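Right, one structure below, let's go through it.
Protein chains in written order, with my numbering: chain A, 221 to 483; chain B, 2 to 191.
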């Protein structure tokens, strides 16, 4: 299935100079198994989209390099939830309705602040005006504080961050009918997006759960990496963005997989 | 092959430049790594009370005990150095520290202002034929305790060759640091 899809996309590239929305339509069509007649997707001459001539570039990744694969997948998942443009290789004004969440930089900022303070101590220790033998106490202080901060940073990364790749803020209610249909928890809590891919495993798991909530319910989805990469390592960003968006819609509709409590 | 690697690195750098927050994070990461090494060095300085807790042997004057390229760990917190100790000392107004062994120690009855007795030291390299009086400043016959940077308490064979190479060919320094910096900046934690 993955191979067929990539063939479709290669066809789009070779029959170049088609509008962006054109190639996206074809990608969607391939899901419906429209494989017998690819030429059906011809653009009418007067269609406004025909004037945009960007060719969709596919990112190529060395599939043997597991860290790079996970990194690319993580980035796309994060971008899909934030603004739906999957890494910026095509514009976000397209047929996807992206969740458009806001990233929560709180923990990130804390980490940056700790690092900056530690660096300041290091600079004081190095460029302090007092010559060596007398400055022993100051040096000892700076070194001690530096290592304490460094240890703190490591703790945060190991225990608070874990496998989380993205944190978002709760969305603002607009009070309209669309908001009422959504999961009320979305307005109270931000999301925590965790991903998991074991070394040498082909399965990539994405978990969406609520941040700051005890026994948070979650939605989880596991896919084989083969859905997104073909043999040459060409990456199907659109496919992943679609699936992530579907996962988010499930969370919106409160269609949970299991809550942690039930384990 | 190398061109591909360079192109990939340049691509990653460009991507990094667009995302300022990520760039700050990576730069601080790099700074933390460098500063960790620096802080360990300063920590050693504090513990051993020595200005230069780790030195590299440059000459062959202490063979067969120490060869050119050995790393020495110094400890300056000892109060009295005795005959037979290997010490690193600096002659006043000279830059390069010297590693030799103590040959003679004279403890005078007169006391210094800080209450410690005056101690005079004479050194000699194991592989040299004469003592170091020829190396001292003109008219100086003895070393004092404050000239000593530290007593050698540990050694690592030949590990210091890297430092000697970096010193002889300064270009290597920039190449090495540049490459390290590049790889840290463009690699992200998996």
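Idealized CB from N, CA, C, for every residue including glycine. All values derive from a computational prediction rather than experimental measurement.
Within the continuous alpha helix (DSSP H) that includes residue 75/B, where are the two ends?
Not the alpha helix (DSSP H): residue 75/B falls in the beta strand (DSSP E), residues 72–76.
Pull the bridge partners of residue 34/B from the DSSP assignment, please.
Assignment of beta-bridge partners to residue 34/B by DSSP yields no partner.
Indicate the three-state DSSP secondary structure (helix, strand or coil) for residue 42/B in the structure shown.
helix
Are the CB atoms of residue 187/B and residue 75/B nearer to each other than 8 Å?
no
Alpha carbons only, please: which of 391/A, 381/A, 405/A, 335/A is nearest the one belonging to residue 416/A?
381/A
Compile a chain-ordered list of the residues in the region 21–33 of chain B whose CB is closer than 9 Å to at least one CB of chain A.
Within the region 21–33 of chain B, the residues whose Cβ lies closer than 9 Å to some Cβ of chain A are 22, 25, 26, 29, 30, 32, 33, listed in chain order.
Identify the contact partners of residue 356/A in chain B, using a Cβ-Cβ distance below 9 Å as the criterion.
Using a Cβ-Cβ cut-off of 9 Å, residue 356/A is close to 46, 47, 50 of chain B, given in chain order.
Count the C-beta pairs between the region 125–138 of chain B and the region 80–94 of chain B that are closer than 8 Å, then say yes if the count reaches three, no if not.
As far as the Cβ criterion goes, the region 125–138 of chain B touches the region 80–94 of chain B, which means the pair count is three or higher.
Just curious, the beta strand (DSSP E) that residue 119/B is in, first and last residue?
Start and end: 118–125.
Are the C-beta atoms of residue 311/A and some chain B residue less than 8 Å apart?
With a pLDDT of 42 at residue 311/A, under the threshold of 50, the predicted position of this residue should be treated as unreliable, though the coordinate-derived value follows. For residue 311/A, the answer is no, since every Cβ of chain B falls outside 8 Å of its Cβ.
Counting only C-beta atoms, is residue 111/B closer than 8 Å to chain A at any point?
no
So with CB distances below 7 Å, who are the chain A contacts of residue 39/B?
342, 346
Hey, is residue 305/A's beta-carbon within less than 8 Å of any beta-carbon in chain B?
Interpretation of residue 305/A is limited by its pLDDT of 44, a score under 50 that renders its predicted location unreliable; the figure taken from the coordinates is listed afterwards. Closer than 8 Å: no.
Taking only three categories from DSSP, how would you classify residue 298/A?
helix
Run through DSSP, which three-state label would residue 18/B get?
helix
Quick one: Cα of residue 470/A to Cα of residue 419/A, how far?
28 Å
Does the contact criterion of 3 or more C-beta pairs under 8 Å hold for the region 63–71 of chain B versus the region 363–377 of chain A?
no
Mind reading off the beta-carbon distance from residue 78/B to residue 49/B? Whole number of angstroms is fine, and I expect it under 8 Å.
6 Å
Can you list, in chain order, the residues of its chain whose CB lies under 6 Å from that of residue 342/A, leaving out five sequence neighbours each side?
366, listed in sequence order.
Would you verify that the beta carbon of residue 367/A is, or is not, closer than 8 Å to some beta carbon of chain B?
yes
Just to make sure I have the definition right: I need the residues of chain B whose C-beta is within less than 9 Å of the C-beta of residue 384/A. Which are they?
Ordered by position in chain B, no residue passes the 9 Å Cβ test against residue 384/A, which lies about 12 Å from the chain.
In terms of residues, what are the limits of the beta strand (DSSP E) holding residue 52/B?
Segment: none, residue 52/B is in no beta strand (DSSP E) and carries neither H nor E.
Of the residues 460/A, 431/A, 288/A, which one's Cα is nearest the Cα of residue 406/A?
431/A
Should residue 422/A be listed as close to the ligand FAD, given that the test is whether its C-beta is under 7 Å from any heavy atom?
Among the ligands in the structure shown, none appear at all, so the ligand FAD cannot be discussed.
Against residue 12/B, what residues of chain A qualify as contacts under a CB-to-CB distance less than 7 Å, listed in chain order?
Those within 7 Å of residue 12/B in chain A number zero; the least Cβ separation is about 10 Å.
May I ask you to report which of helix, strand or coil DSSP gives residue 389/A?
Correct three-state label for residue 389/A: coil.
Considering Cα atoms alone, identify which of 296/A, 338/A, 327/A, 339/A is closest to residue 216/A.
Lying before the first or after the last residue shown, residue 216/A is absent from chain A, which here runs from 221 to 483.
May I ask you to list the residues that DSSP assigns as paired with residue 425/A?
416/A, 442/A
Can you give me the C-alpha to C-alpha distance between residue 386/A and residue 295/A, rounded to a whole angstrom?
One alpha carbon belongs to residue 386/A, the other to residue 295/A, and they sit about 9 Å apart.
Measure the alpha-carbon distance for residue 142/B versus residue 344/A and round it to whole angstroms.
Taking the straight line from one Cα to the other gives about 40 Å.
How about residue 455/A and residue 337/A: are their beta carbons less than 8 Å apart?
no
Ends of the beta strand (DSSP E) at residue 156/B?
149–157
Between the Cα of residue 155/B and those of 110/B, 57/B, 27/B, 116/B, spot the shortest distance and give me the residue it belongs to.
Minimum Cα distance to residue 155/B is reached at 57/B.
Applying a beta-carbon distance threshold of less than 8 Å, which residues of chain B neighbour residue 338/A?
33, 36
Need the endpoints of the alpha helix (DSSP H) that residue 187/B sits in, please.
171–187
Does DSSP put residue 11/B in a helix, a strand or coil?
The answer is helix: DSSP assigns residue 11/B an H, G or I state.
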